[in-house]
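Before any comments, here is the structure.
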């Protein structure tokens, strides 16, 4: 997605060889017009698959998921994170380890909002090791719903998540894939074929 | 806002005398069309005030803030919550106590994204004791920015937050105000005058 690549080149900040900060437009400050364009791109890439619901995870997945949901005309469900079991209602839950934060949290959704009749599209802002995405896929499986695919705004191609998910046969669409980060800037992978 | 009142009557769930669950359309599952209508309503209510930035708090404020930002053509900034000081960048920060959760967290934004030149509109999904809103107002003051007003989707009129903020002269606009919750349902306050 050229618009997004240009914006990352312009406003992304590279820290070391692993961190790309996009907090001026994607995950702290949000550029609504750009996020609307991202939502439309996802809607196009996952059209015709019978998606009935979009699933994401708080907090930074909510914006892109909402815009895609608006475009596709389907509700958006965001998984919550918690450290302890406090919710009284029946939930689907899965553990997610964050390598950056060095902690494991549980992600969960109310059982009210996913059913075996659903065809779910998972959307998130970043894919690195794939832990959050795998947690969301576990929720879809627990609910007995169908997984239409996974859409990611920025995939770190130099980490394992994307490879693992594709090896499992997941229909993974990343709008941009980063091959390397460093003092000389950001190297993007060639654009993916639309239906890989 | 009649559309919202009707939706709360239809899908809101009342638990005891204090809790209104709207997680089927506002803060767990999201109805993108409804949230777009809410964003437009806020854009109308705060038009002409020179708003340059919308500030909200993760996670459930993000959706309405994003839609308002799209309508108003301004960026959206969401404050993050944390238990410990880990962020390396310069931030504005304020403590926020959650009475429902019985804990105090720090909310913060990067100093990069609010400046004395900004006129900030604060948006959030719920207003009860007003703790989160007061924390966000503190961030705006720390940055030396101007506060255009506060927009709230659902104000619990039987708790103190709204009264306190209005007594401070804050331009507070709540789309619906709930006077009472109970076994006999939800009692709404009369619609507010648009520019109170």
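Chains as they are written, first to last, in my numbering: chain R, 2 to 197; chain X, 2 to 197.
Positions of the beta carbon are idealized from the N, C-alpha and C atoms, including for glycine.
Keep in mind the model is a prediction, meaning the values are calculated, not measured.
Note down, in chain order, each residue of its chain lying with its Cβ closer than 7 Å to the Cβ of residue i, except the 5 sequence neighbours on either side.
i: residue 75 (chain X); result: 52, 53, 54, 55
i: residue 145 (chain X); result: 117
i: residue 39 (chain X); result: 5, 65, 68, 154, 176
i: residue 189 (chain R); result: 6, 177, 178, 179, 180
i: residue 16 (chain X); result: 22
i: residue 24 (chain X); result: 30
i: residue 10 (chain R); result: 187
i: residue 143 (chain X); result: 93
i: residue 42 (chain R); result: 2, 176
i: residue 28 (chain X); result: 61, 126
i: residue 49 (chain X); result: none
i: residue 100 (chain R); result: 130
i: residue 26 (chain X); result: 8, 12, 32, 35
By Cβ distance below 8 Å, which residues in the same chain neighbour residue i in space, the five residues on each side in sequence not counted?
i: residue 140 (chain X); result: 56, 80, 93, 94, 95, 108, 109, 110, 115
i: residue 63 (chain X); result: 57, 77, 79
i: residue 3 (chain R); result: none
How would you label residue i, buried or exposed, when you count the other beta carbons within 10 angstroms and need 16 or more for buried?
i: residue 197 (chain X); result: Confidence is the limiting factor: at residue 197 (chain X) the pLDDT is only 41, short of 50, which leaves the residue's position unreliable, though a coordinate-based value still follows. Classification of residue 197 (chain X): exposed, given that the 10 Å Cβ count is below 16.
i: residue 18 (chain X); result: exposed
i: residue 89 (chain R); result: exposed
i: residue 157 (chain X); result: buried
i: residue 163 (chain X); result: buried
i: residue 184 (chain R); result: exposed
i: residue 20 (chain X); result: exposed
i: residue 8 (chain R); result: buried
i: residue 37 (chain X); result: buried
i: residue 191 (chain X); result: exposed
For residue i, which beta-bridge partners are listed by DSSP?
i: residue 95 (chain R); result: R:108
i: residue 183 (chain X); result: X:186
i: residue 127 (chain R); result: R:155
i: residue 14 (chain X); result: X:22
i: residue 175 (chain X); result: X:153
i: residue 141 (chain R); result: According to DSSP, residue 141 (chain R) bridges with nothing at all.
i: residue 120 (chain X); result: X:147
Considering only the alpha carbon of each residue, which of the options lies closest to residue i?
i: residue 135 (chain R); options: R:167, R:23, R:78, R:182; result: R:167
i: residue 148 (chain X); options: X:121, X:130, X:89; result: X:121
i: residue 44 (chain X); options: X:124, X:185, X:188; result: X:124
i: residue 182 (chain R); options: R:2, R:172, R:13; result: R:13
i: residue 58 (chain X); options: X:83, X:104, X:159; result: X:83
i: residue 133 (chain X); options: X:106, X:11, X:170, X:36; result: X:106
i: residue 151 (chain X); options: X:60, X:37, X:165; result: X:165
i: residue 47 (chain X); options: X:174, X:98, X:130, X:34; result: X:174
i: residue 72 (chain X); options: R:98, R:161, R:32; result: R:32
i: residue 113 (chain X); options: X:102, X:172, X:91, X:128; result: X:91
i: residue 126 (chain R); options: R:49, R:41, R:60; result: R:60
i: residue 161 (chain R); options: R:128, R:49, R:191, R:137; result: R:128
i: residue 169 (chain X); options: X:28, X:50, X:138; result: X:138
Output needed for residue i: all residues of its chain with C-beta closer than 6 Å, excluding positions within five of it in sequence on either side, in chain order.
i: residue 77 (chain R); result: 55, 66, 67, 70
i: residue 119 (chain R); result: 53, 54, 146
i: residue 171 (chain X); result: 151
i: residue 98 (chain R); result: 105, 132
Is residue i near the ligand PLP, judged by its Cβ being under 7 Å from some heavy atom?
i: residue 50 (chain R); result: This structure lacks the ligand PLP; in fact it carries no ligand of any kind.
Original post:
What are the uninterrupted segments assigned as beta strand (DSSP E) that are 3 or more residues long and contained completely in the region 25–95 of chain R, given in chain order?
Top reply: 54–58, 77–83
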